[in-house]
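Each remark here refers to the structure printed beneath this line.
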Amino acid sequence: MLQLLKWRKLINAVIVLFGVSIIVFLLMYLTGDPVALLLPMDASLEDAEMLRESLGLNDPLWQQYLRFAGQAVKGDFGVSLRHHQPALPMILAKMPATIELTLAGMAVALLIAIPLGIITAVKSNTVIDYFGSLAALIGQSMPVFWLGLMLLYLVGVKWDLLPINGRGSWQNLILPAITVGAYTAATIVRLLRSRMLEVMQQDYIKTARAKGVKKNLIIIKHALRNALLPVITILGMQLGVLLGGAVITETIFSWPGVGRFMIQSIYNRDIPVVQAGVFVLASCIVIINLLTDVIYSWLDPRIKYE
Amino acid sequence: MSKIIEVKNLKKYYPIKINWRQQAVVKAVDGISFSVSAGQTLGLVGESGCGKSTTGMTVLRLVEPTDGDIIFEGKNIKDLNRVQMRLYRKKMQIIFQDPYASLNPRWKIGNTIAEALEIHKLATGQIGKLRVEELLDRVGIDPSYKNRYPHEFSGGQRQRIGIARALAVRPQFIVCDEPVSALDVSVQAQIINLLAELQDEMNLSYLFIAHDLGVVRQICQRVAVMYLGKIVEYAGSEDLFNNPLHPYTKALLSAVPVPDPLAKRDEIVLTGDIPSPLNPPRGCSFNPRCPYAKAYCREKAPQLSTVGDRLVACHLVNKIRGDQDAAITEMAQAN
Chain A
314 MLQLLKWRKL INAVIVLFGV SIIVFLLMYL TGDPVALLLP MDASLEDAEM
364 LRESLGLNDP LWQQYLRFAG QAVKGDFGVS LRHHQPALPM ILAKMPATIE
414 LTLAGMAVAL LIAIPLGIIT AVKSNTVIDY FGSLAALIGQ SMPVFWLGLM
464 LLYLVGVKWD LLPINGRGSW QNLILPAITV GAYTAATIVR LLRSRMLEVM
514 QQDYIKTARA KGVKKNLIII KHALRNALLP VITILGMQLG VLLGGAVITE
564 TIFSWPGVGR FMIQSIYNRD IPVVQAGVFV LASCIVIINL LTDVIYSWLD
614 PRIKYE
Chain B
420 MSKIIEVKNL KKYYPIKINW RQQAVVKAVD GISFSVSAGQ TLGLVGESGC
470 GKSTTGMTVL RLVEPTDGDI IFEGKNIKDL NRVQMRLYRK KMQIIFQDPY
520 ASLNPRWKIG NTIAEALEIH KLATGQIGKL RVEELLDRVG IDPSYKNRYP
570 HEFSGGQRQR IGIARALAVR PQFIVCDEPV SALDVSVQAQ IINLLAELQD
620 EMNLSYLFIA HDLGVVRQIC QRVAVMYLGK IVEYAGSEDL FNNPLHPYTK
670 ALLSAVPVPD PLAKRDEIVL TGDIPSPLNP PRGCSFNPRC PYAKAYCREK
720 APQLSTVGDR LVACHLVNKI RGDQDAAITE MAQAN
C-alpha cells in the first residue's frame with residue numbers, strides 16, 4: 314500500500330512536469346514570432362523564411378514539441394540569445410544563490426515563527442499574545458516589495474546598518490532573508506497559535522499533566538509535535554512560493570540568483586534562458602512537494618496506514 | 420476504615436464574560452464535600468453538565484479549585500506548588516472518558532506508559548521496559564504491541580492502555596471519569612471487571628464518575644448524586660438504589676431500564692432541561708423540575724443534612740425535623 318502510494322505520487326509528479334514542459338515550450342510563441350527575435354532588424358523576408366525553415370518552425374506544433382522535449386530531457390534548452398552560452402548551465406549556476414536565499418528566508422521564518430507561535434498560544438489573551446498576533450497580521454498583510462523597499466531604505470540607506478545589494482558576506486543575506494521570510498513567518502505564527510490552543514485542550518495533555526510532566530516538556534514533547542503537522546504542509550507549500558517570490562526580492566536587493574536573472578532575460582527576450590529557468594523552478598517545487606509528503610507520513614504515524 | 424482522600428467544601432467557579440463590562444460566574448462545583456476510603460469506590464452521578472467531571476479534575480488539581488480543601492492521606496494538597504504536587508501525581512491518577520483523545524496520537528503506547536515511570540524515577544532502561552510489558556499484560560494487551568500507535572487499537576483496547584498508563588506509577592487513588600461511557604456495552608463489562616480486579620489486587624480507591632447508574636451500582640460502595648454543582652444525596656450504594664430519598668435521585672433511578680417487562684414501577688419523568696448554571700433558580704436548585712416542589716422550596720435552598728446514615732438536601736425529606744423546629748419556634752413565641 315505504502316509502495317503504491319509512493320508510485321502514484323511519483324507518477325503524478327511526472328504528469329505535472331509534462332504539463333510544465335508544454336507551457337515552457339509555448340513560451341517561445343508568447344512574445345510573437347520567435348524568428349523576429351533572432352534576426353537583426355534589417356533582415357530580409359527571405360532570410361527570415363530560411364531561418365524559420367532551418368529551425369523547423371514550419372513543422373506541425375506537436376513535432377516541434379517532441380523535438381523540444383527530446384532535447385530538454387537531455388538538459389538542452391538551447392543557447393542563450395544574448396550570452397551565446399547553453400541556457401540550462403547558466404540557470405543552474407545561479408541556483409545556489411537562490412537556494413541560499415530561500416533557505417535563509419525559511420530559517421528566519423522558522424526562528425521567528427515557532428517560538429512566537431508557541432508563546433502567543435501559551436500566553437493567549439495577554440499583552441504578549443496581542444502584540445505577537447498583531448505583528449503576525451501586519452507581516453501577512455504587507456506586500457513583499459513594500460517590505461523589501463522599506464528595509465532597503467530604512468535599514469540599508471538611512472541608518473546605514475547593512476549592505477543593500479549583492480551577495481557575499483552574511484550581512485548581505487540578512488535583509489533579503491527577512492524580506493523573503495516575513496510572510497511565511499506570519500502565516501506560521503497564526504497557524505501554530507491556533508493549532509497549539511486546540512491541542513492544549515486535548516485529554517492527552519491533561520494525561521501528561523496528571524503524570525506530572527513539567528509544563529515546558531508538555532508544550533514541547535506532547536503539544537508541539539501534534540501542532541506542527543499542518544505547519545509542515547504550509548512550509549512545503551511556502552517553500553515553493555518563496556522560490557518563486559525570490560524573483561521580486563532578488564530584483565530589489567540585486568541578489569544574483571535565478572529570479573533576477575530570469576527578469577533580465579525576460580527584458581532581453583532571451584527565451585531559452587526563461588524556458589530553462591521556469592522549468593528548473595517548477596521541477597524544484599515538484600520535488601519539494603514530494604518531500605513534504607514523505608516528511609508528513611514520517612511525522613504522523615496514522616498517515617502511513619490510511 | 421482510613422480515608423485516603425477527603426474533600427471539604429470544594430468550589431470551582433468560572434468567570435464568564437457576557438459582554439465587555441459585565442461578568443458572570445458559573446458555579447460548576449459549588450461547595451461539595453465527600454471522602455473515599457482505602458480500597459473503596461465512591462460513585463459520582465448526575466446529568467451532563469452538573470459538574471461531575473470538573474469535580475474529578477479539581478480533586479487532582481488538573482483544574483485549580485476556587486476554594487475548599489483536598490486532603491490526601493492527611494495532607495492538604497490544595498495549595499501545594501507544582502514541584503510539591505509532583506510527589507502526589509504518582510499517588511493519584513485519572514482515567515478519561517474518551518480513549519481516543521486521552522492517548523497522544525504521535526506517541527507509541529509503550530512510550531506513553533514509560534514516560535510516567537521516568538518522570539518519577541520508578542523504573543528506567545531495561546527495568547522500565549519490563550515494567551511496561553508487565554503493565555500491558557496485566558490489562559490484557561499483548562506486550563509485543565508496545566511499539567504501536569494508539570490508532571492501531573480499538574476503543575476498548577485503548578481504554579485498557581489508558582488504565583495501564585494510570586497504573587504505571589502505582590497510584591493509590593484513581594479518578595475514573597466516565598471510563599466506559601464511550602464504549603460498546605459488551606466491552607463496558609470487560610473494563611468494569613478489569614477495574615474491579617485491579618482494585619482488589621492493589622487496594623485501589625476509585626472516584627467513579629458516571630451517568631450510567633447500572634454501572635455505578637455494580638462497582639460503588641457509596642454514591643454521591645450531583646445536581647447543578649451540588650451534592651443532593653450522599654448514601655451507601657444499596658440504600659440509595661433500594662430507597663432513594665431525594666426526588667432527583669428517584670427520577671434518575673426510575674429512568675434505569677429494568678430487565679423484567681412486567682415489573683411495576685413508578686416512573687418520574689423529568690420535564691425541562693437542567694437550568695443554566697449561569698442563572699440558577701432561587702431556593703432549591705431542583706425546584707423547577709421537582710414534581711413535589713412546595714412554595715418554600717422556591718424560597719430557601721435546603722442544606723445537606725443527615726437522614727439516618729445518609730445525607731440528603733431536600734426540604735420535604737427533612738420535613739419531620741423541620742416540623743419539630745417549627746414547633747420549637749412556636750413554643751418560643753408562645754412563651
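If you read the protein sequences in the order shown, they are chains A and B.
Here my numbering is used: the first residue of the first sequence is 314, the next is one more, and so on.
Here my numbering is used: the first residue of the second sequence is 420, the next is one more, and so on.
Cβ atoms here follow ideal geometry from the backbone N, Cα and C, with glycine treated the same way.
Note on phenylalanine 338 of chain A: 16 or more other CB atoms within 10 angstroms of its CB, so buried under the neighbour-count rule. The Cβ atoms of leucine 522 of chain B and tyrosine 517 of chain A lie closer than 8 Å to each other. Burial state of methionine 403 of chain A is buried, judged by a 10 Å Cβ sphere holding 16 or more other Cβ atoms. In this structure, histidine 630 of chain B keeps its C-beta atom at 8 Å or more from the C-beta atom of serine 656 of chain B.
Out of B:Pro710, B:Leu461, B:Lys713 and B:Arg579, the CA that lies nearest to the CA of glutamine 516 of chain B is found in B:Arg579.
Counting C-beta pairs with one atom in each stretch, the stretch 558 to 566 of chain B and the stretch 593 to 604 of chain A have fewer than three that are closer than 8 Å, which means they do not touch.
At a cut-off of 8 Å, the C-beta of valine 435 of chain A has no neighbouring C-beta in chain B. With contacts defined by Cβ atoms closer than 8 Å, aspartate 449 of chain B and lysine 649 of chain B form a contacting pair. Counting C-beta pairs with one atom in each stretch, the stretch 425 to 433 of chain B and the stretch 450 to 468 of chain B have three or more that are closer than 8 Å, which means they touch. In the three-state scheme derived from DSSP, where H, G and I count as helix and E and B as strand, glutamine 640 of chain B is classed as coil. Glycine 559 of chain B sits in coil when the DSSP states are folded into three classes, being neither helix nor strand. In this structure, DSSP gives glutamine 512 of chain B an extended state, which the three-state scheme calls strand. With the rule of 3 Cβ pairs closer than 8 Å, the stretch 507 to 514 of chain A counts as touching the stretch 538 to 552 of chain A. Among the CB atoms of chain B, none fall inside 8 Å of the CB of arginine 480 of chain A.
In this structure, aspartate 606 of chain A and lysine 322 of chain A form a Cβ contact; the two beta carbons are roughly 6 Å apart against a cut-off of 8 Å.
The continuous stretches of alpha helix (DSSP H) do not include threonine 460 of chain B, which lies in the beta strand (DSSP E) extending over residues 460 to 464. One thing to note: arginine 577 of chain B has its Cβ no nearer than 8 Å to the Cβ of glycine 525 of chain A. Arginine 365 of chain A and glycine 391 of chain A have their alpha carbons spaced roughly 16 Å apart.
Beta-bridge analysis with DSSP links glycine 655 of chain B to B:Arg641. Distance from the CA of lysine 387 of chain A to the CA of leucine 401 of chain A, rounded to the nearest whole angstrom, comes to 10 Å. Identification of residues in the stretch 533 to 544 of chain B having a C-beta nearer than 7 Å to some C-beta of chain A yields Glu534, Ala535, Ile538 and His539, given in sequence order. In the three-state reduction of the DSSP assignment, threonine 605 of chain A falls in the helix class. When Cβ pairs closer than 8 Å are counted between the two stretches, the stretch 684 to 703 of chain B is seen not to touch the stretch 613 to 625 of chain B, the count staying below three.
With respect to glutamine 591 of chain B, threonine 460 of chain B sits apart: the two C-beta atoms are not nearer than 8 Å. Contact with chain B is absent for alanine 540 of chain A, since none of that chain's Cβ atoms lies less than 8 Å from the residue's Cβ. Between serine 393 of chain A and valine 571 of chain A, the gap from beta carbon to beta carbon reaches 8 Å or more. With respect to the 8 Å criterion, valine 468 of chain A and glycine 418 of chain A are not classified as neighbours on the basis of their beta carbons.
For valine 512 of chain A, the closest alpha carbon among the candidates A:Ala523, A:Ala498, A:Ile531 and A:Val502 is that of A:Ile531. Between glutamine 551 of chain A and valine 457 of chain A, the alpha-carbon positions lie close to 14 Å from each other.
Look at the stretch 518 to 532 of chain A: the residues with a C-beta under 7 Å from a C-beta of chain B are Lys519, Thr520, Arg522, Ala523, Lys524, Gly525 and Val526. For glutamate 616 of chain B, the enclosing alpha helix (DSSP H) covers residues 604 to 621.
Note on geometry: alpha-carbon atoms of asparagine 602 of chain A and serine 624 of chain B lie some 53 Å from one another. Collapsing the DSSP output to three states places cysteine 595 of chain B in a strand. A direct Cα-to-Cα measurement between methionine 363 of chain A and aspartate 346 of chain A gives close to 14 Å.
Under the Cβ criterion of 8 Å, phenylalanine 515 of chain B is counted among the residues facing chain A.
Scanning chain A for C-beta atoms nearer than 8 Å to the C-beta of alanine 520 of chain B yields Gln515, Asp516 and Tyr517, reported in chain order.
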